[in-house]
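Participant: Please read through the structure below; I'll follow up with questions.
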Amino acid sequence: MSSDQLLRQFPPAELATLIATRRDLHRHPELGFEETRTGDAVFQRLAAAGLSPRRGIGRTGVFADWPAERPRILLRADMDALPLQEESGAPYVSEAPGRMHACGHDGHVSIALAVAERLSVSPESGPFRMLFQPAEEGAGGAEACAADGILDGVGSALGLHLWNQLPVGKIGVNRGALMAAVDEFSIDVEGPGGHGAAPHETADPIVGAARIIDALQSIVSREISPLDAAVVTVASIHGGSAFNIIPSAVRLTGTARSFTESAGKALPEKMERVVRGTAEAAGVRARLHYRRVNRATVNDPEMADLVIETAQRILGPESVDAETRTLGGEDMSIFLDRVPGCFFFVGSAPEGGHRPHHSPRFDFDERALAIGTVLFEAVAREAARRG
Ligand SMILES: [Zn+2]
Ligand SMILES: [Zn+2]
């Protein structure tokens, strides 16, 4: 089969429901742990499909188990939107000021509901646990669901992401790390402050911060193995108030990304050394605050093979890029760290222009909803068949 054949054979009424559901959610985006309207819609659809959904997992999450046996295969979709003012120009533009489904999670919910309906009509399949997870975008939704026991009795986990870096009909996956570990840092650089005309009487945190930014660039190029991918980005600088004052404080913030445990462990240690040493040389004080946001999203090789083989069967042998990696992050990593599983990308690049994830112009090709549904259902069935 090919993606064209799949789309021709896909039931038109089901595609209409997929699109209508996605557009309704798109009009009404909700931020992490505020997904109550979305949760209502999910609950009603699952109940109408004859399932017994439960609310309150990880605060605003919803899940359903069927049939009630163990171990379960966790099928996960995320529900939250981003704090962003939409500029997509779509007829289904967000009606909530400053909030937007700019990552495609509206599509994930729509796909997962269709998959739940498809899987629930054949009680011999499963057992499945379908999770509609809150707060993927950095607020800790997966961790909250794990703390509430979503993995109890779960033997494996599957999830997908619509992905605008791939064309419709393509699938991106990896037998190991698919997405990077995401760390967040800030650096406070401090000095006594002073007159802009008398730098020799003080220590200048602006110059210190500039040297620190420059010195940080050599960590990835000189201190991490060239075979290991990593990123250190300083993304904001704040300091100073007037043209003739040397300020007493400058704050830098940024992110560090890595795929391997060794690089993930090395980054904060090396940054600490560089920050302290460079500050010392500039005569200022500097403190590094470092926080891990997400671990790397690492697929189980066997589960990845299951996805690769299923996608090739459904979409054709050329449809799968099995070497996909991105330095973006995902809290699906929390689940994949504890049970074997696979997270994969479903190509959704819209025709006529680049609309990147997390941008105010984000939108995706809704044909990907049909492809995602067929593939997610098929990999779930295959995982159940292989036990
Ligand atoms: Zn996102
Ligand atoms: Zn996302």
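Note that the numbering used here has the sequence shown beginning at 753, numbered continuously upward. Glycine included, each C-beta is placed from N, C-alpha and C at the ideal position.
Specify the secondary structure class of Ala1130 as computed by DSSP and reduced to three states.
Facilitator: To locate residue 1130, count along the sequence shown from 1; it is residue 378. Correct three-state label for Ala1130: helix.
Participant: Would you kindly check if the distance between the Cβ of Ala1056 and the Cβ of Met916 is under 8 angstroms?
Facilitator: Counting from one through the sequence shown, the residue named residue 916 turns up at place 164. Counting from one through the sequence shown, the residue named residue 1056 turns up at place 304. According to the sequence displayed, residue 916 carries Asn and not Met. No; because the gap between Cβ atoms is not below 8 angstroms, this pair is not in contact.
Participant: Less than 8 angstroms between the beta carbons of Ser877 and Ala1136, yes or no?
Facilitator: Taking the first residue of the sequence shown as 1, we reach residue 877 at position 125. Taking the first residue of the sequence shown as 1, we reach residue 1136 at position 384. Yes, the pair counts as a contact, with Cβ atoms nearer than the cut-off.
Participant: Assuming Ala899 is part of the alpha helix (DSSP H), what are its boundary residues?
Facilitator: Start at 1 with the first residue of the sequence shown, and residue 899 comes out as number 147. Taken as a continuous stretch (DSSP letters only), the alpha helix (DSSP H) holding Ala899 covers 893–899.
Participant: Could you please give me the residues that DSSP links to Gln885 through a beta bridge?
Facilitator: Residue numbering aside, residue 885 sits at position 133 when the sequence shown is read from its first letter. Answer by DSSP bridge pairing, in chain order: Asp830.
Participant: Starting from the Cα of Thr719, find the closest Cα among Met931, Phe937, Ala816 and give me that residue.
Facilitator: For residue 719 there is no data in the structure shown, the boundaries of the chain being 753 and 1139.
Participant: Between His952 and ligand 2, is there a pair consisting of the residue's CB and a ligand heavy atom that are separated by less than 7 angstroms?
Facilitator: Start at 1 with the first residue of the sequence shown, and residue 952 comes out as number 200. Because no heavy atom of ligand 2 lies under 7 angstroms away, the Cβ of His952 does not count as near it: no.
Participant: Sorry if obvious, but does the Cβ on Glu889 come closer than 7 angstroms to a heavy atom of ligand 1?
Facilitator: Sequence index remark: in the sequence shown, residue 889 carries index 137 (1-based). It does: the Cβ of Glu889 is within 7 angstroms (strictly closer) of some heavy atom of ligand 1.
Participant: Would you call the region 1042–1051 in contact with the region 959–968, where contact means no fewer than 3 C-beta pairs closer than 8 angstroms?
Facilitator: The region 1042–1051, when compared against the region 959–968, does not touch it at the 8 angstroms Cβ threshold.
Participant: How many whole angstroms separate the CB atoms of Ala1033 and Ala933, which I take to be in contact at a CB cut-off of 8 angstroms?
Facilitator: Working through the sequence shown from its first residue, we reach residue 1033 at position 281. Working through the sequence shown from its first residue, we reach residue 933 at position 181. 30 angstroms between Cβ atoms; not a contact.
Participant: According to DSSP, simplified to helix, strand and coil, what is Met753?
Facilitator: Position 1 of the sequence shown, counted from the first residue, corresponds to residue 753. Met753: coil per DSSP, three-state reduction.
Participant: Where Ser973 and Glu1021 are concerned, what is the direct C-alpha to C-alpha distance, given to the nearest angstrom?
Facilitator: The residue you call residue 973 lines up with position 221 of the sequence shown. The residue you call residue 1021 lines up with position 269 of the sequence shown. Going from the Cα of Ser973 to the Cα of Glu1021 covers about 16 angstroms.
Participant: Extract the residue ranges of the alpha helix (DSSP H) inside the region 793–857, only unbroken runs of 4 or more that lie entirely within it.
Facilitator: Those alpha helix (DSSP H) runs which fall completely within the region 793–857 and span 4+ residues do not exist here.
Participant: For Pro835, which residues from the same chain have a beta carbon less than 7 angstroms from its beta carbon, with the 5 sequence-adjacent residues on both sides left out?
Facilitator: Numbered from 1 along the sequence shown, position 83 holds the residue referred to as residue 835. Hits under 7 angstroms: Leu783, Gly850, Arg851.
Participant: Taking only heavy atoms of ligand 1 into account, decide whether any of them is closer than 7 angstroms to the Cβ of His860.
Facilitator: The residue given as residue 860 occupies position 108 in the sequence shown. No, since every heavy atom of ligand 1 falls outside the 7 angstroms radius drawn around the Cβ of His860.
Participant: Please state whether DSSP places Ile923 in a helix, a strand or coil.
Facilitator: In the sequence shown, residue 923 corresponds to position 171, counting from 1. It is a strand residue.
Participant: Which same chain residues, not among the five before or five after Asp940, have their C-beta less than 6 angstroms away from its C-beta?
Facilitator: On the sequence shown, residue 940 is found 188 positions in, with the first residue counted as 1. Contacts found: Arg1003, Arg1039.
Participant: Less than 8 angstroms between the CB atoms is what I'm expecting for Val984 and Ala1008, so what's the real figure, rounded?
Facilitator: For this step, residue 984 is matched to residue 232 along the sequence shown. For this step, residue 1008 is matched to residue 256 along the sequence shown. Indeed, because the Cβ distance is near 5 angstroms, the residues count as touching under 8 angstroms.
Participant: Between which residues of its own chain and Leu758 is the CB-CB distance below 8 angstroms, once the five residues before and five after are set aside?
Facilitator: The sequence position of residue 758 within the sequence shown is 6, counting from 1. Closer than 8 angstroms at the Cβ level, and outside the excluded window around Leu758, lie Ile1066, Leu1067, Ala1122, Ile1123, Val1126.
Participant: Taking all protein chains shown into account, do 16 or more other C-beta atoms lie within 10 angstroms of the C-beta of Gly921, making it buried, or fewer, making it exposed?
Facilitator: As a first step, residue 921 is located in the sequence shown; it is residue number 169 there, counting from the start. When all chains shown are included, Gly921 counts as buried.
Participant: Does the region 900–919 come into contact with the region 820–829, if we say contact requires no fewer than three beta-carbon pairs (one atom in each stretch) closer than 8 angstroms?
Facilitator: Flag = yes, the region 900–919 and the region 820–829 touch.
Participant: State yes or no: is the C-beta of Thr1062 within less than 8 angstroms of the C-beta of Ala1130?
Facilitator: The count along the sequence shown starts at 1 and reaches residue 1062 at position 310. The count along the sequence shown starts at 1 and reaches residue 1130 at position 378. Against a cut-off of 8 angstroms, the Cβ pair of Ala1130 and Thr1062 comes out as a contact.
Participant: At which residues does the alpha helix (DSSP H) containing Phe1087 begin and terminate?
Facilitator: Mapped onto the sequence shown, residue 1087 falls at position 335. That run of the alpha helix (DSSP H) goes 1084–1088.
Participant: Going by DSSP, name the residue or residues bridged to Arg1009.
Facilitator: Within the sequence shown, residue 1009 is the residue found at index 257, counting from 1. According to DSSP, which records beta bridges pairwise, Arg1009 is partnered with Val934, Val983.
Participant: Would you call the region 865–884 and the region 950–958 in contact, with 3 or more CB pairs under 8 angstroms?
Facilitator: The region 865–884 is not in contact with the region 950–958.
Participant: Of all Cβ atoms in chain D, is any one closer than 8 angstroms to the Cβ of Arg797?
Facilitator: Chain labels in this structure do not include chain D; a single protein chain is all it has.
Participant: Among the residues of its own chain, which have a CB less than 7 angstroms from the CB of Thr1012, if the five just before and after it don't count?
Facilitator: Stepping through the sequence shown from its first residue, residue 1012 is reached at position 260. So the qualifying residues of the chain are Asp980.
Participant: Arg1107 to Pro919, Cα distance in whole Å?
Facilitator: In the sequence shown, residue 1107 corresponds to position 355, counting from 1. In the sequence shown, residue 919 corresponds to position 167, counting from 1. About 12 angstroms.
Participant: Tell me whether Ser804 is buried or exposed, calling it buried when 16 or more other Cβ atoms sit within 10 Å of its Cβ.
Facilitator: Your numbering for residue 804 matches position 52 in the sequence shown. Answer is exposed; the Cβ neighbour count stays below 16.
Participant: Is it the case that the CB of Gly893 approaches a heavy atom of ligand 2 more closely than 7 angstroms?
Facilitator: Residue 893 sits at position 141 when you count from the first residue of the sequence shown. The answer is no for Gly893.
Participant: Does Pro739 pass the burial test, meaning 16 or more other C-beta atoms within 10 Å, or should it be called exposed?
Facilitator: This structure does not reach residue 739, given that the chain is present from 753 up to 1139, and the question cannot be answered.
Participant: Please report the residue range of the beta strand (DSSP E) in which Leu910 lies.
Facilitator: As a first step, residue 910 is located in the sequence shown; it is residue number 158 there, counting from the start. That run of the beta strand (DSSP E) goes 906–915.
Participant: Val1050 to Gly992, Cα distance in whole Å?
Facilitator: Counting from 1 along the sequence shown, the entry for residue 1050 is found at position 298. Counting from 1 along the sequence shown, the entry for residue 992 is found at position 240. Cα-Cα distance, rounded: 42 angstroms.
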